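Student:
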Ligand code: M6R
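Numbering (this note's numbering), first residue to last: 1 to 619.
(1) DSSP three-state call for residue 4: helix, strand or coil?
(2) Per DSSP, residue 383 forms a beta bridge with which residues?
(3) What are the boundary residues of the alpha helix (DSSP H) that includes residue 275?
(4) Any idea what DSSP makes of residue 672, helix, strand or coil?
(5) For residue 508, which residues in the same chain have their Cβ closer than 8 Å to its Cβ, ignoring the five residues on either side in sequence?
(6) Whole angstroms are fine: how far does the CA of residue 463 sit from the CA of residue 601?
(7) Along the chain, which unbroken stretches of the alpha helix (DSSP H) at least 4 residues long are found entirely within the region 516 to 602?
(8) Considering only heavy atoms of the ligand M6R, does any lie closer than 7 Å to the CB of residue 313?
(9) Pull up the CB-CB distance for residue 412 and residue 266, whole angstroms please, since I reckon it's below 8 Å.
(10) Can you tell me the Cβ-Cβ gap for residue 263 and residue 502, rounded? I've got them flagged as a contact below 8 Å.
(11) What residue range does the alpha helix (DSSP H) around residue 452 cover?
(12) Under a Cβ-count criterion, where at least 16 other Cβ atoms within 10 Å of its own Cβ denotes burial, should residue 519 be classed as buried or exposed?
(13) Should the region 356 to 370 be regarded as contacting the region 322 to 340, the criterion being three or more beta carbon pairs within less than 8 Å?
(14) In chain order, what are the residue ranges of uninterrupted alpha helix (DSSP H) at least 4 long that sit wholly in the region 307 to 376?
(15) Counting only the same chain and skipping the five closest in sequence on each side, list residues whose C-beta sits under 8 Å from that of residue 292.
(16) Pull up the distance between the alpha-carbon of residue 532 and that of residue 320, whole angstroms please.
(17) According to the Cβ coordinates, are residue 500 and residue 599 closer than 8 Å?
(18) From which residue to which residue does the beta strand (DSSP E) around residue 53 run?
(19) What I want to know is whether the C-beta of residue 616 ends up closer than 7 Å to one or more non-hydrogen atoms of the ligand M6R.
(20) Ignoring anything shorter than 4 residues, give me the alpha helix (DSSP H) runs that lie fully in the region 119 to 195, in order along the chain.
(21) Is it the case that the CB of residue 401 approaches a heavy atom of the ligand M6R more closely than 7 Å?
(22) Can you check which of these residues, 430, 586, 579 and 195, is closest to residue 492 by C-alpha distance?
(23) Measure the beta-carbon distance from residue 166 to residue 225 and round it to whole angstroms, keeping in mind my assumption that it falls under 8 Å.
(24) Could you tell me whether any non-hydrogen atom of the ligand M6R is closer than 7 Å to the CB of residue 309?
(25) When DSSP builds the beta bridges, which residues end up paired with residue 109?
(26) Let's test the definition: count the other Cβ atoms within 10 Å of the Cβ of residue 608 and tell me whether it reaches 16, buried, or not, exposed.
(27) When you compare each of 556, 117 and 50 to residue 94 by their alpha carbons, which one comes out closest?
(28) Rounded to whole angstroms, what's the CA-CA distance from residue 35 to residue 180? Just pull it up for me.
(29) Could you tell me the alpha carbon to alpha carbon distance between residue 447 and residue 163, rounded to whole angstroms?
(30) Touching or not, the region 135 to 144 and the region 98 to 107, by the rule of three or more beta carbon pairs under 8 Å?
(31) Among 65, 571 and 260, whose alpha-carbon lies nearest the alpha-carbon of residue 552?
(32) Measure how close the beta-carbons of residue 198 and residue 227 come, nearest whole angstrom, since I'm counting them as under 8 Å.
(33) Can residue 623 and residue 188 be called in contact, C-beta distance under 8 Å?
(34) Can we say the region 67 to 83 touches the region 39 to 53, given the rule of at least three CB pairs closer than 8 Å?
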């Protein structure tokens, strides 16, 4: 959560920062701010320039107005868009935070866990804190070091060992007007340079307008950025070479391209996301090639257990991965919520492969789960959409989805790409293990390769899905049911509706309803059931009857032209038929559209739903 950007050596620093903040806004949009040095003033005495705003999704617009009204300094400048953790989203809590002298400023992503203890010490030593944030303690700690004569980079390096938690920080100092100092632990941060400028930011998207010459920092490294140069040191002060980053995205792919919002654009990009992800990896004869995996075929043949770990939508993709690995590789497989796995004291050995699934490659729960798995002896693979993300760099191997940048907070195209990738990976394991007949694997491969066209065909029914959405847009109680491959789809459908439409939506395995939740069903409750044809269809339909008998309104995701299913429900969301294991890739599409339509009908901002951020970098 939170987006950081900073530039030095740029004449039009504020314009660049405002454009960057817009691209980073998906990381948090509770409030925003900018601070800058002014090299035209006396560096010994001058204070920093700062503007801040706290107007939810309108904060950046407000900043733009404030900047237009003020003379803009052109030294080093840092900016921030916030997702509030400590302290409500007010101007006082908006970053950048200043020290007592107003000559130092900090922006921060993450949580300084021992901030209370540090704040108590600062209060005793007479500092005046002006916010309720955990962040502000750092700028006062740095203030104390600068007061002893330390330069900004040294001062920051001296303070880092005192901090507990995960963080990425950027600081400027009026006494060194062309310098930005950054440091990170777990939370992402990249730095870049041109011949005359320097940039720091939370992710690649906001840096691309300035340079593609980008570097990733490792934990507990401190970088000093001046126009045209970046110097990185470890905490012992030793100079280290930062790792260059591979940049495969373009600025254009992060723009709306004529759509009303990023979510609809990204939903319509799904056929391409699935196709690109499978391209060159899965072949119609059942053969597979996954280059970046790094872990060799012999090592993969030794894997006896695959555990997928992830959060939110990525967890739902993991549930599909579990079924695909069991079916095609006949290897023990499981899927677990990363934030729970980490603290469960799980038992792993070198025959366990943990696949951490994360669109962003940054989610702190998934990153820590991956680290814990490795510490306990498992090999770890990151399945992510972001090349060179923190998780990609730390894992033993990588499975890259190729969805391109996803800006809408709700995962759509990245989810479909994840589904395609977990299935391609399962097929790869299956081919190596050879426990399943080759012709079955070839059929599975053909089914996977048919998915881009099937998703395209589902999207062509957008109007039908929209009409169903409008019909139920004012309902407050939704239940999503599915079995086997239909269950992850039901879970994802409910999550989408909750996060976008702010409507109560529960998802259950359809067979579980009669073990308790069915007592919630009252006449008028909307039950959305995944009822495409599979060996589970009759069981699902029996569960549908149980709901109908209690007065529920039924909506079914059903195969195109399946009149028998359509007759049993009140509304149908038709999809092209594909094999059961591959069906989540197609069946989730109408549920995304349903949530999108209901959210818009209720006047919600689908790209920036309340209380959420795209990237969750705090626990
Ligand atoms: O970046 P990740 O895939 O690790 O993010 C995990 C979840 O925060 C994410 O999937 C979230 O649930 C979705 N954005 C919801 O649409």
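Note that CB positions come from ideal geometry on N, CA and C, so glycine has one too. Since the model is a prediction, treat every value here as computed from it, not as a measurement.
Tutor: Concretely, from the data shown:
(1) For the purposes of this step, residue 4 is taken as residue 4 along the chain shown, with counting starting at 1. In the structure shown, residue 4 sits in a strand (DSSP, three-state: E or B).
(2) Translated into the one-based positions of the chain shown, residue 383 becomes position 383. DSSP lists 357 and 399 as partners of residue 383.
(3) Working through the chain shown from its first residue, we reach residue 275 at position 275. Segment 270 to 278, the alpha helix (DSSP H) holding residue 275.
(4) One cannot answer for residue 672 here, as it falls past the ends of the chain, which runs 1 to 619.
(5) What you label residue 508 is simply residue 508 of the chain shown in a count that begins at 1. Answer for residue 508: 479, 480, 481, 490 and 517, listed in chain order.
(6) Against the chain shown, residue 601 aligns to sequence position 601. Against the chain shown, residue 463 aligns to sequence position 463. About 14 Å.
(7) 537 to 548, 563 to 567 and 583 to 601
(8) Locating residue 313 in the chain shown gives position 313, where the first residue counts as 1. The answer is yes for residue 313.
(9) Position 412 of the chain shown, counted from the start, is the residue given in the question as residue 412. Position 266 of the chain shown, counted from the start, is the residue given in the question as residue 266. Contact holds; Cβ gap of about 5 Å.
(10) The sequence position of residue 263 within the chain shown is 263, counting from 1. The sequence position of residue 502 within the chain shown is 502, counting from 1. Not quite, the Cβ-Cβ distance comes to about 15 Å (not below 8 Å), so this is no contact.
(11) The count along the chain shown starts at 1 and reaches residue 452 at position 452. It spans 451 to 459 - the alpha helix (DSSP H) in which residue 452 sits, taken as one unbroken run.
(12) What you label residue 519 is simply residue 519 of the chain shown in a count that begins at 1. Residue 519 is exposed by the Cβ-count criterion.
(13) yes
(14) 312 to 324, 338 to 341 and 364 to 375
(15) Numbered from its first residue, the chain shown carries residue 292 at position 292. Excluding residues within five positions, the ones whose Cβ falls inside 8 Å are 397, 398, 399 and 400.
(16) Residue numbering aside, residue 532 sits at position 532 when the chain shown is read from its first letter. Residue numbering aside, residue 320 sits at position 320 when the chain shown is read from its first letter. Whole-angstrom Cα-Cα distance: 16 Å.
(17) The residue you call residue 500 lines up with position 500 of the chain shown. The residue you call residue 599 lines up with position 599 of the chain shown. Closer than 8 Å, so yes.
(18) Sequence index remark: in the chain shown, residue 53 carries index 53 (1-based). First-last of the beta strand (DSSP E) with residue 53: 49 to 53.
(19) Residue mapping note: residue 616 aligns to position 616 of the chain shown, counting from 1. Yes, the beta carbon of residue 616 sits closer than 7 Å to at least one heavy atom of the ligand M6R.
(20) 136 to 147 and 152 to 159
(21) In the chain shown, residue 401 corresponds to position 401, counting from 1. No; taking the cut-off as 7 Å, the Cβ of residue 401 has no heavy atom of the ligand M6R nearer than that.
(22) The residue given as residue 492 occupies position 492 in the chain shown. Residue 492 has its Cα closest to that of 586, out of 430, 586, 579 and 195.
(23) Position 166 of the chain shown holds residue 166. Position 225 of the chain shown holds residue 225. At roughly 21 Å, the Cβ-Cβ gap does not stay under 8 Å, so residue 166 and residue 225 are not in contact.
(24) Numbered from 1 along the chain shown, position 309 holds the residue referred to as residue 309. Because no heavy atom of the ligand M6R lies under 7 Å away, the Cβ of residue 309 does not count as near it: no.
(25) On the chain shown, position 109 is the one that residue 109 refers to. DSSP output for residue 109 lists 168 as bridge partner(s).
(26) Residue numbering aside, residue 608 sits at position 608 when the chain shown is read from its first letter. Buried.
(27) Residue 94 sits at position 94 when you count from the first residue of the chain shown. Looking at the Cα atoms, 50 is the closest of the given residues.
(28) Numbered from 1 along the chain shown, position 35 holds the residue referred to as residue 35. Numbered from 1 along the chain shown, position 180 holds the residue referred to as residue 180. In a straight line, the C-alpha of residue 35 is about 11 Å away from that of residue 180.
(29) As a first step, residue 447 is located in the chain shown; it is residue number 447 there, counting from the start. As a first step, residue 163 is located in the chain shown; it is residue number 163 there, counting from the start. Straight-line Cα distance between these residues: approximately 51 Å.
(30) yes
(31) Taking the chain shown and counting its residues from 1, the one referred to as residue 552 is at position 552. Checked all of 65, 571 and 260; the closest Cα to residue 552 is 571.
(32) The count along the chain shown starts at 1 and reaches residue 198 at position 198. The count along the chain shown starts at 1 and reaches residue 227 at position 227. Correct: roughly 6 Å between the Cβ atoms.
(33) This structure cannot settle anything about residue 623, because the visible part of the chain is limited to 1 through 619.
(34) yes
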